[in-house]
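These protein sequence lines map, in sequence, to chains A and B. Just so we're aligned, residue 1 is where the first sequence starts under my numbering, counting upward by one. Just so we're aligned, residue 1001 is where the second sequence starts under my numbering, counting upward by one. Backbone N, C-alpha and C define an ideal beta-carbon position, used for all residues, glycine too.
Protein chains: 2
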Amino acid sequence: MVRPGGRSARVQQAVHTAVRELQAEVGRPELTVPMVAARAGVTPSTIYRRWGDLQELLSDVAVEHLRPEAPPEDHGDLLADLRGWAEQFLEEMSSPAGRAYIRDALLGDADGDNAGRCSAYAAEQIAVVLARAEERGEEAPDVETVLDRVVAPMMYRILFRPAGLTDAYADRLAREAVQGFGAPR
Amino acid sequence: MVRPGGRSARVQQAVHTAVRELQAEVGRPELTVPMVAARAGVTPSTIYRRWGDLQELLSDVAVEHLRPEAPPEDHGDLLADLRGWAEQFLEEMSSPAGRAYIRDALLGDADGDNAGRCSAYAAEQIAVVLARAEERGEEAPDVETVLDRVVAPMMYRILFRPAGLTDAYADRLAREAVQGFGAPR
DNA sequence: AGCTTAAAGCAAATCTGTTGCATCAGGGTC
DNA sequence: GACCCTGATGCAACAGATTTGCTTTAAGCT
C-alpha cells in the first residue's frame, strides 16, 4: 500500500532530490546507489528494495524531468501551435541532457511503464493543441496521427541519428501533419 | 588495431557466442559479466577492458541480431515491396525479443554509434526497395521520407507504446508514405 | 491507546567491477 | 625464418556495490 503522507513518501522525495542534486554535482556516470543513499539520509538497502537498481531509480527521476511544466502556448491557430510545440519539444529533447533523460527513462524500464508515461505526456500536450483547434472550428487531425507524423520522426532521429536536427525539421513535420491530414489517401 | 585473424578475433567471437547462449539459457536479467567470461573461457577483466560493461557488450551483440539477413523481397511494385518490408520489420521488432534487442542496442551505446548502425540497416533495405521502384519507372519518395513516415512511427510505438501493433498498421504507414509522397503540401 | 503491517535500518556475506603487473600471441622487419 | 614491438590477455588482490535475514520503526486502523 502506498502511504502518501507517510515516511515512504518522505524517503521517496529525499531520494529523488538526492539523485537530482548528485547528477548535477558529480555527473551521472559517477553516481552510485550508496552515494545517493548517503545524501538522502537513507540506507542503501532501502533503495535496492524499493527500486531494484540504479537504472530503475534514474528512470523514475528521468520521467519526472520529462513531464511538461506548462500547457503549450496558444498562437491563435493550429499550425502555429503545433509548430511552436514541435520546435520546443525537439529543442529540449535533442539536447544532451534531454537525450540522457530519454535514455534513462527507457533504460530502467523493463515493463515499458515509464516509456508509456513519456508518450502519454506528449499525447496530452498535443490533445490540448488539437482541442483548441476544434474550438476555433479548424479541421484537425487526431492525436495518433500527430504522434505518427510529428513526434515519432523527431524521437526516432533523436535516438538513432542525433545529428542535424533543426527547428526547420520540426516546422516541416508540423506543416505536413496539418496540411496532409486531409490529403488524398 | 584490429587483428582480424588473431586472438582478439577469437575472443570476441567466443564472448559473443557465450552471450547469445546464456541469454537463451538463463535470460538476460540473470546475465553477468563473470558468467559470460566463464562460458567464453576468458577472464572477466578482458571483457571489462574491451567492452567496459555488460550493457555495451549486449549492445554489440544486439546490433548483430538486428542486421538484416537478406535484401527485401521483390513483389513487383513499390507499394507491395514497402508493405512487405514494413510488415516483416514490425513483426520482428515488436516481438519481446526484438524489443529487447533494440533497447540493448540503444542503451549500451554512449556515443550513438550502434544506434546509427541500426538506422543505417533500415535505410539500406529501404534504398533497395526504392531503387527497384525507380528502375521500374515508378515515382518514389526518398529514403528520408520513408524513414519519417514508416520506420519512425513503428519504432516509436515499439519503444514507447508496445501494445496493439499489427500488420494493418504497417500497411497503412506504407500506403500513406507512397501515396502521400506526391500529395499537396 | 493499542494493534497490525509495510517499510526502513542494520550488519554480515557475497559478488561485481577495477587495477597493476606479468605473460603471451601476432604482425612487421630484417 | 628468427627477432623485436605492440597490444591484448591472464592473474591476483582489492575496493566497492549488491543481497539478505533479522530487528526496529512508524503510519493507519479499530
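Can you confirm whether residue i, when its beta carbon is compared against all beta carbons of chain B, has any partner nearer than 9 angstroms?
| i | result |
| --- | --- |
| residue 50 of chain A | no |
| residue 148 of chain A | yes |
| residue 58 of chain A | no |
| residue 166 of chain A | no |
Determine whether the beta carbon atoms of residue i and residue j lie at a separation below 9 angstroms.
| i | j | result |
| --- | --- | --- |
| residue 274 of chain A | residue 132 of chain A | The requested residue 274 of chain A does not occur in the structure, where chain A is confined to residues 1 to 185. |
| residue 1085 of chain B | residue 1073 of chain B | yes |
| residue 153 of chain A | residue 1147 of chain B | yes |
| residue 1033 of chain B | residue 1048 of chain B | yes |
| residue 112 of chain A | residue 1162 of chain B | yes |
| residue 1167 of chain B | residue 1092 of chain B | no |
Can a CB atom of chain A be found closer than 9 angstroms to the CB of residue i?
| i | result |
| --- | --- |
| residue 1160 of chain B | yes |
| residue 1151 of chain B | yes |
| residue 1035 of chain B | no |
| residue 1173 of chain B | yes |
| residue 1157 of chain B | yes |
| residue 1029 of chain B | yes |
| residue 1170 of chain B | no |
My understanding is that residue i touches residue j, with C-beta atoms under 8 angstroms, so please give their C-beta distance in whole angstroms.
| i | j | result |
| --- | --- | --- |
| residue 1118 of chain B | residue 1066 of chain B | 5 angstroms |
| residue 1165 of chain B | residue 1106 of chain B | So it is not a contact: roughly 18 angstroms between Cβ atoms. |
| residue 79 of chain A | residue 178 of chain A | 5 angstroms |
| residue 37 of chain A | residue 46 of chain A | 7 angstroms |
| residue 1071 of chain B | residue 1128 of chain B | 5 angstroms |
Of all the residues that make up the segment 1106 to 1139 of chain B, which are near chain A by a beta-carbon distance shorter than 7 angstroms? Answer set for the segment 1106 to 1139 of chain B: 1106, 1107, 1112, 1115, 1116, 1118, 1119.
Interface residues of the segment 1083 to 1106 of chain B facing chain A [CB-CB below 9 angstroms]: Cβ contacts with chain A come from 1099, 1103, 1106.
Cβ pair count under 8 angstroms reaching 3, the segment 57 to 64 of chain A against the segment 124 to 140 of chain A: No, they do not touch.
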